[in-house]
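There are 2 protein chains.
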Amino acid sequence: MSSASPAEEIDEAKEREHFRAVVTAFKYYKLCSLDRIHKSEKIISILPQNHQRRLEKYKTYLAKFKKCLDMNNSVVHLIIKDVNTMFENVDHSVTDPSGTNGVESFGCNYNNCEIASQKQHKMQHDVEKVQSVLKNIVRDWSDMGAEERKQCYKPILDEMEERFSLDEYSDRSQIRVLVPGAGLGRLAWEVAARGYTCQGNEFSLFMLFASNFILNRCTEINKYTVHPWVHQYVNNITCEHQLISARFPDVCPSGNRPNHNFSMTAGDFLKVYTEADEWSCVATCFFIDCAPNVIEFIERIYTILQPGGYWINLGPLLYHYSDMPTENSIEPPYDILLEIIRDIGFDILKEQTGVKTKYAQNPNSMMQHEYDSVFFVCRKPYCM
Amino acid sequence: MSSASPAEEIDEAKEREHFRAVVTAFKYYKLCSLDRIHKSEKIISILPQNHQRRLEKYKTYLAKFKKCLDMNNSVVHLIIKDVNTMFENVDHSVTDPSGTNGVESFGCNYNNCEIASQKQHKMQHDVEKVQSVLKNIVRDWSDMGAEERKQCYKPILDEMEERFSLDEYSDRSQIRVLVPGAGLGRLAWEVAARGYTCQGNEFSLFMLFASNFILNRCTEINKYTVHPWVHQYVNNITCEHQLISARFPDVCPSGNRPNHNFSMTAGDFLKVYTEADEWSCVATCFFIDCAPNVIEFIERIYTILQPGGYWINLGPLLYHYSDMPTENSIEPPYDILLEIIRDIGFDILKEQTGVKTKYAQNPNSMMQHEYDSVFFVCRKPYCM
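Residue numbers (the numbering used here), protein chains in the order written: chain A, 132 to 515; chain B, 132 to 515.
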């Protein structure tokens, strides 16, 4: 049946394994998050009696956090409910070879403590990504995220409206916009909602699972609830802030969406998009620093844009692969990046530094992160 | 000669070992920091030719960063120059048992790759602390840090002036102020400069080595130069920002200081300060969340204050030991902390949230951290 080469088969097996690992992380979300609460309870239980007494009220909150985990877990389960068939080309609904269906014990066994500990560490890391998905739901699809979206998405959307004004382009569906690093899909959805044809592309399965749920299964406004900050144990003014809930989706993405002009793709931007002169506009938000080699991203954006097409970018230069021992990351600062963009052939039409932007920030936290992002608009010339 | 018990001897041996490890980290500062530049150069050298060409200018900056490391290394060497005799009770000027004097190779040897890699990891972690000392020098002792000091230290100093006004207390040297978590000593020095008798206490040898140099060896204003941001490779608008230098000290701490009323102690706050009713005032800045158990800190501050004495605090609740696997950290939020403070016996005279404060922030970075700190003033009552 299959004519795949051995190398392709290995790739496919690796992909299936990764898929299962991500599903498992969603399944373990509650158990791992609950472990953190149990740890706090245990620590308090071995304190001197008078310290325990002074933490009585705090202990009642730890109990409340467990209820928030239950709420979050309902959403987490909805997210992975139909992921096995979410991709048109692959069915992942195979039996879990461990046969444990996500209830395997992570306790240390006698024979191999070190491997068990490594496995637990990896699981915790993955569960933190699930926790971060919950925060991204708030950023992209809740009223609470409106301010962040205004900072990050509005400059891009305004620019698009300016570059492709209704006077000049009466049929906006002819304008093909690509949003790489689409995350939970709100920016791409907003672009499509304005009438442009828009495709979002995302690499992370954590994000793809959640965006699949929101974009395809959420048919009612504010039907679901998450407690996005329940995992933040430090820098709280009050435990009440840790309990705060957010409803989603603030709009009805599947109901309102003009399906014919909106799509999402899964996979590595550099592998998925190779066709030259295909897109009218590429919009990147908190994306270009996700490449080990940012030059490859810029070159590819140049290639896939139609002559006269626009690249609109907003975000910092965090360079996510910097200082990862196994990655060959390069980290050119903004001024050198601009020279590279020009050198590749773009005309830089607009550029601005110091654009205040937040990313999934807990508004009540005593620790606040803010990016002084850069915003720029480039054009691929009609002829070189 | 020694009448120490075996347990005390073990403690002393561990302390000596730690002392040597910290000295070694200072010695390896340049080598490890240089390694990071070499890594970038190597990554660029294996890129495609046209990418290498596009990074030519960036490569010239990597070369300039090396010169900054040399400048920093001169300061780093001055800092450890006389540390062997800095403590009155212990002479650490013993021969390094490895006999390598800080030029040992961290390359992987054939017999024990894993240990070599762990050792390298630990060294890198320690060298990052040296890099952070350089940033703390800017915070505490340079013109560039003036804004941060205004945010963090001024509210505390103003409060002290208000609580111990010159009308009531004409001889301020009778007022004994303790600053636990004194870091590089600027706040404690400022307190002493206002005439109060002040003692700073610090646990970290990294900080103690640097404060010893600044407080006891710096006799000339702005004599030395550091490049505090040269180790930040991401979120730069331009490489020029990575090159920025700061001169220090902005004041002459050893020359101007009224020596008789200012001192610094080394060691764990809970071990060093056990005497009841000793201090007129305890001032804590970015300190109380450095305890695994913050209640112990509050109880101890209460104990050591004279009846009628003040505790002035400013900082966030980052809880530095949170989620460290080996530590029993508790993380009560601010409102619960206030209840504990009252329960211990303090009268809360003043309290404020949302006090904007930064900590060793690179002003040009595209990523900005800001704390919404809490500020409060408590008093130990005259009678219970």
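Note that CB positions come from ideal geometry on N, CA and C, so glycine has one too. Since the structure is predicted, the reported quantities are computational estimates derived from the model, not experimental observations.
Item to check | Among A:K253, A:K197, A:Y433, A:N366, nearest to Q499 of chain A - alpha-carbon criterion | outcome: A:N366
Item to check | 8 Å Cβ cutoff met for S308 of chain B and C329 of chain B | outcome: What sits at residue 308 of chain B in the sequence shown is Val, not Ser. The Cβ atoms of V308 of chain B and C329 of chain B sit closer than 8 Å to each other.
Next on the checklist: Is the beta carbon of S342 of chain B closer than 8 Å to that of L318 of chain B?
Outcome noted: no
Checklist entry - Contact check, I287 of chain A vs I429 of chain A under 8 Å by CB: the rounded distance? => result The Cβ separation is near 17 Å, so there is no contact.
Item to check | F157 of chain B and I268 of chain B closer than 8 Å at C-beta | outcome: For F157 of chain B and I268 of chain B, no; Cβs fall outside 8 Å.
Next on the checklist: Per the DSSP calculation, W442 of chain A is bridged to which residue(s)?
Outcome noted: BP columns for W442 of chain A point to A:V413, A:C509.
Item to check | Pick from A:R167, A:D142, A:I175 that is closest to Y364 of chain A, judged by C-alpha positions | outcome: A:R167
Checklist entry - By the criterion of Cβ-Cβ separation under 7 Å, what are the contact partners of C283 of chain B in chain A? => result What C283 of chain B touches in chain A: nothing, since even the nearest Cβ is about 14 Å away.
Next on the checklist: Does chain A have any CB closer than 8 Å to the CB of D271 of chain B?
Outcome noted: Not an interface residue.
Checklist entry - Exposed or buried, what is Y91 of chain B when buried is set at 16 or more other beta-carbons lying within 10 Å of its beta-carbon? => result This structure gives no information on residue 91 of chain B, because the portion of chain B shown stretches from 132 to 515.
Item to check | Interface residues of chain A facing T457 of chain B [CB-CB closer than 7 Å] | outcome: Result: empty, since nearest Cβ-Cβ is about 12 Å, beyond 7 Å.
Item to check | Euclidean distance between Cα positions of L448 of chain A and E406 of chain B | outcome: 51 Å
Item to check | Proximal chain B residues relative to T369 of chain A, where beta-carbon distance stays under 9 Å | outcome: P464, Y465, D466, I467
Checklist entry - Nearest to D257 of chain A by alpha carbon, out of A:V153, A:D289, A:S453? => result A:V153
Checklist entry - What residue does the beta strand (DSSP E) around S521 of chain B start on, and which one ends it? => result This structure gives no information on residue 521 of chain B, because the portion of chain B shown stretches from 132 to 515.
Next on the checklist: Could you check whether the Cβ of I471 of chain A sits closer than 8 Å to any Cβ belonging to chain B?
Outcome noted: yes
Item to check | First and last residue of the uninterrupted beta strand (DSSP E) at I479 of chain B | outcome: 478-488
Checklist entry - How would you call N181 of chain B, buried or exposed, if buried means at least 16 neighbouring beta carbons within 10 angstroms? => result exposed
Checklist entry - From E482 of chain B to S248 of chain A, what distance separates their C-alpha atoms? => result 44 Å
Checklist entry - In angstroms, rounded to a whole number, what distance separates the CA positions of K190 of chain A and D302 of chain A? => result 59 Å
Checklist entry - What in chain A is Cβ-close to N267 of chain B, meaning under 8 Å? => result None at all; the shortest Cβ gap to chain A is about 18 Å.
Checklist entry - Nearest chain A C-beta to V361 of chain B closer than 8 Å, yes or no? => result no
Item to check | DSSP-derived helix/strand/coil call for S205 of chain B | outcome: In this structure, S205 of chain B counts as helix in the three-state DSSP scheme.
Checklist entry - From the beta carbon of M275 of chain B, is the nearest beta carbon of chain A less than 8 Å away? => result no
Next on the checklist: Looking only at its chain, what residues have a beta carbon closer than 6 Å to the beta carbon of A422 of chain A, apart from the 5 residues adjacent to it on each side?
Outcome noted: Once the five neighbours on either side are set aside, the close Cβ partners of A422 of chain A are F428.
Item to check | Members of the stretch 492-503 of chain A that neighbour chain B once the beta carbon cut-off is set at 9 Å | outcome: N495, S496, M497, M498, Q499, H500, E501, Y502, D503
Next on the checklist: Taking CB distances under 8 Å as the criterion, tell me whether V258 of chain B reaches chain A.
Outcome noted: no
Checklist entry - Who are H500 of chain A's beta bridge partners in DSSP? => result As a beta-bridge residue in DSSP terms, H500 of chain A pairs with B:H500.
Item to check | Buried or exposed by the 16-neighbour rule on C-beta atoms within 10 Å, applied to Y192 of chain A | outcome: buried
Checklist entry - Under 8 Å Cβ-Cβ, which residues of chain A neighbour K188 of chain B? => result I467, E470
Item to check | Contacts around S504 of chain A, its chain only, beta-carbon distance under 7 Å, and the 5 residues preceding and following it disregarded | outcome: L445, G446, P447, V486, T488
Next on the checklist: If we require 3 or more residues per run, which beta strand (DSSP E) segments fall completely within the stretch 347-397 of chain A?
Outcome noted: 355-357, 377-379, 393-397
Checklist entry - Is the distance from the Cβ of L336 of chain A to the Cβ of H208 of chain A below 8 Å? => result Taking 8 Å as the cut-off, the Cβ atoms of L336 of chain A and H208 of chain A do not count as close.
Item to check | Min CB distance D213 of chain A to chain B below 8 Å | outcome: D213 of chain A has a beta carbon lying at 8 Å or more from every beta carbon in chain B.
Item to check | Length at least 3, wholly inside the stretch 273-341 of chain A: the beta strand (DSSP E) runs in chain order | outcome: List check, beta strand (DSSP E) in window: 307-311, 328-333.
Checklist entry - Just by C-beta distance, which residues in the stretch 175-187 of chain B are closer than 8 Å to chain A? => result Taking 8 Å as the upper bound on Cβ-Cβ separation, chain A lies near residues I175, I177, L178, H182, R185, L186 of the stretch 175-187 of chain B.
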